[in-house]
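Each number in the working numbering comes from the position in the sequence shown (counting from 1) with 5 added on.
Using N, Cα and C, we set each Cβ at its ideal position, and we do this for glycine too.
Following: one structure in structure tokens, then a few remarks.
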Amino acid sequence: MRHSVLALAAALALVPASRAAATPAAADYRVRLPQDEVIYFLLPDRFENGDPSNDRGGLTGDRLHTGFDPTDKAFYHGGDLKGLIERLGYIQDLGATAIWVGPIFKNKTVQGPPGHESAGYHGYWITDFTRVDPHFGTNADFRALVDAAHARGMKVYMDIVVNHTADVIQYRDCPAGGCPYRSIADYPYTREGGVYGKRINLGFAGDQIGTAANFARLTNPNYAYQVYVPADEASEKVPAWLNDPIYYHNRGNSTFKGESSTMGDFVGLDDLMTENPRVVQGFIDIYGKWIDDFHVDGFRIDTEQHVDSAFWQTFVPAMLTRAKADGIPNFHIFGEVTTDGMDPAHTAEHSWTDHIPAVLDFPFAHAVDDVAAGKAGTDELARLFAADPLYRGGAEAAMTLPTFLGNHDMGRIGMVLRKALPEASADEILKRDMLAHAMLLTLRGVPTIYSGDEQGFAGTGGDQDARQDMFASKVASYNADPLIGTTATTATANFDEHHPLFREIAALARLRTAHPALTRGRQVVRYAGDEPGLFAVSRFDPATGGEYLIAFNTAATPLDASVLVETRSTDFTTLAGAGCAASASAPGSLHLTLAPFGYAVCAAKVR
Ligand SMILES: [Ca+2]
Ligand SMILES: [Ca+2]
């Protein structure tokens, strides 16, 4: 399997980084559609340290003041935008065409109760929405990053947050934190501290009447809790309007159920009153300016499902209009709508209620993880794709969903495989990891590689345990975790372009971007079963109608089968993997022989 992928890489004459910058593709990156991209997702703090002088963000003191402690997975490690710029060639060599950069905005350096502090190294605790966090560099560095990526024909997607800011607002009647959610029914907006409390906010007709006149009557934020902003943080947030507690829900912590899902604080983070038209306009101004000033190519939206739908229905069209006016016709927006399992109804529902162009395909991640780990039959994939018409825009829209195998929250594919198969050999884990990546890079959706997966990072869990450094790490638990496909560890830098996963991903990414059938082509499931074994689809070139048969064997045993193809597809060329017969056995039937965990991508000759 690997040999033919490597042969493919040679045939495609991989372009070294130094020459890649001058390829003609650089000129037309704007015309590429979202589904034409291969995305590489990284957290800047954990990717490359290009400037040790900014490691403490210009702050002094211990780690609770600077946020910097490269030995602790909960603190800043030193990665920055200069480092990312230096490594663009590596990302391009991998075959990625777009970079999703974790949030770069200025964060609250450290938050959390005594003894449980953590730093904003991940970027999701924003205080200043207008500037780059000093740990990562400057706005000028971000401009240099976007310009350098564009010069290579690569796109840059920003990771944005509107659901919450850092935890700054406090509740006097809940000094210890962990404040429970107080519902609208128990704590109406027009009473202070409960239904029998003092009358306040008279005439406010509720958060569902999104007019300026209605929200002008909401002047007292103390309906559920007595809120205050600590004096030393009174002007911490930028723009300045964000410092007024009236623009937040202030109802205590979300239980992630019912009303609290959109109105509760996400583990203490200040939850914005996104129903208020002042907040809607505020965020249109904030993020519109990043498009205007930096000409970024898209947004990944954090915690989308915890913001009311009306907000998105106004915000999304405003961003698309802004991007068009800035000469960015194919600006991509994809939201984070998480699912606990293979539940495409939930993600599709948000495509309708929020009018969001795309959502991260969590159901895809769950399905491929289950199937690649041998925990489910291949029919789980068939059920996933059968739900594509549920999305707003139908199966066509499903092609723009960023697909992935794992991430910085749920953990990596390597971790999933090892947990599911504790007795499996290192070689079997590597083969299953490659099979999962082959699915990611050939099936419908926009393949999104999580930085480090291409170097065999696994980890022991999600969140902090899945955020290993690409540069030499000082975190003991990261360095103790064996990597997949190499004897190296995270104690040394891992930008190895000869790693077997890197080489396979690079070859398949180039195969994908070279064949419109694999980026824009309609997909039809040809075979799925209720046990591990064969999964096969056909994808079709949108211009020629040429058929690409793509088949995977998720079982540990060799596979021999006949698969339905178009009757016009009589002769096939193997583009990756191995196992398709050179010609149909009879009209409409192609014979396949796949190795254990093998796959094949075979193109029918177009007559
Ligand atoms: Ca640095
Ligand atoms: Ca919210």
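Neighbourhood of residue i by C-beta, 6 Å cutoff - its chain only, sequence neighbours within 5 removed
| i | result |
| --- | --- |
| P193 | none |
| T598 | D565, G584 |
| G257 | C184, P185, Y186, R187 |
| K610 | D576 |
| P226 | V232, P250, I251, N255 |
| A441 | V373, A377, L410, I418 |
| N639 | Any question about residue 639 goes unanswered here, given that the chain covers just 6 to 612. |
| R68 | D74, F80 |
| R136 | K111, N144 |
For residue i, the three-state DSSP class (helix, strand or coil)
| i | result |
| --- | --- |
| N227 | coil |
| R68 | helix |
| F304 | strand |
| L448 | coil |
| L422 | helix |
| H596 | strand |
| Y252 | helix |
| Q175 | strand |
| Y192 | coil |
| H169 | strand |
| S574 | coil |
| M404 | coil |
| Y233 | strand |
| F462 | coil |
| V36 | helix |
| N412 | strand |
| A12 | With a pLDDT of only 39 at A12, under the threshold of 50, the placement of this residue in the model should not be trusted; the figure read from the coordinates follows. A12 falls in the helix class under three-state DSSP. |
| S588 | strand |
| A3 | Outside the displayed range of the chain (6 to 612) lies residue 3, so it cannot be described from this structure. |
| F602 | coil |
| M159 | coil |
| D298 | helix |
| F46 | strand |
| I454 | strand |
| D56 | coil |
| D164 | strand |
| C149 | The residue asked about is misnamed: residue 149 is Ala in this sequence, not Cys. DSSP places A149 in helix when its eight states are reduced to three. |
| A210 | coil |
| A443 | helix |
| A581 | strand |
| A221 | coil |
| A431 | helix |
Nearest residue (CA-CA) to residue i, options the options
| i | options | result |
| --- | --- | --- |
| V243 | A218, G287, A350 | G287 |
| N54 | P601, L86, K78 | L86 |
| D74 | V480, V151, A353 | V480 |
| G100 | A522, M404, I454 | I454 |
| G125 | P119, I109, R136, T135 | I109 |
| A605 | G464, F462, L446 | L446 |
| P452 | N258, G117, F409 | F409 |
| S543 | R305, L595, F220 | L595 |
| G107 | A391, H82, G83, D164 | D164 |
| I174 | D60, D275, R508, H311 | D275 |
| V285 | F320, T572, L422, V36 | F320 |
| K367 | D146, G340, T383 | Here residue 367 turns out to be Phe, not Lys, going by the sequence shown. Closest option to F367, Cα to Cα, is G340. |
| T549 | R612, G534, A493 | R612 |
| H520 | D33, E42, F299 | E42 |
| P349 | D393, M324, V376, I333 | D393 |
| T76 | Q40, R177, D474, G269 | D474 |
| C179 | Y230, R148, T135, I296 | Y230 |
| H82 | P57, L93, I90 | P57 |
Chain-order list of residues whose beta-carbon lies under 7 Å from that of residue i (same chain, five-residue window excluded)
| i | result |
| --- | --- |
| N112 | G125, G128, W130, I131, T132, D138, A171 |
| W357 | R397 |
| P601 | N558, A560, A561, T562, P563 |
| E428 | none |
| V312 | V167, N168, T267, T279 |
| A589 | V570, S574, T575, L595 |
| S478 | N484, T495, A496 |
| R37 | N335 |
Complete runs of the alpha helix (DSSP H) confined to the segment 311-348 [at least 4 residues]: 314-330
Which runs of the alpha helix (DSSP H) at least 4 residues long sit entirely within the segment 61-146? Give them in chain order. 68-71, 86-91, 93-98
Can you list, in chain order, the stretches of the alpha helix (DSSP H) that have 4 or more residues and sit fully within the segment 345-398? 349-358, 367-377, 384-391
Chain-ordered list of residues that sit, by beta carbon, closer than 6 Å to a heavy atom of ligand 1: N54, D56, P57, N59, D60, G83, D85
Entirely within the segment 236-294 and at least 4 residues each: give me those alpha helix (DSSP H) ranges in chain order. 265-268
Scan the segment 525-567 and note each continuous alpha helix (DSSP H) run of 4 residues or more that stays entirely inside, going in chain order. none
Those runs of the alpha helix (DSSP H) which lie wholly inside the segment 471-536 and span at least 4 residues: 481-484, 505-519, 521-524
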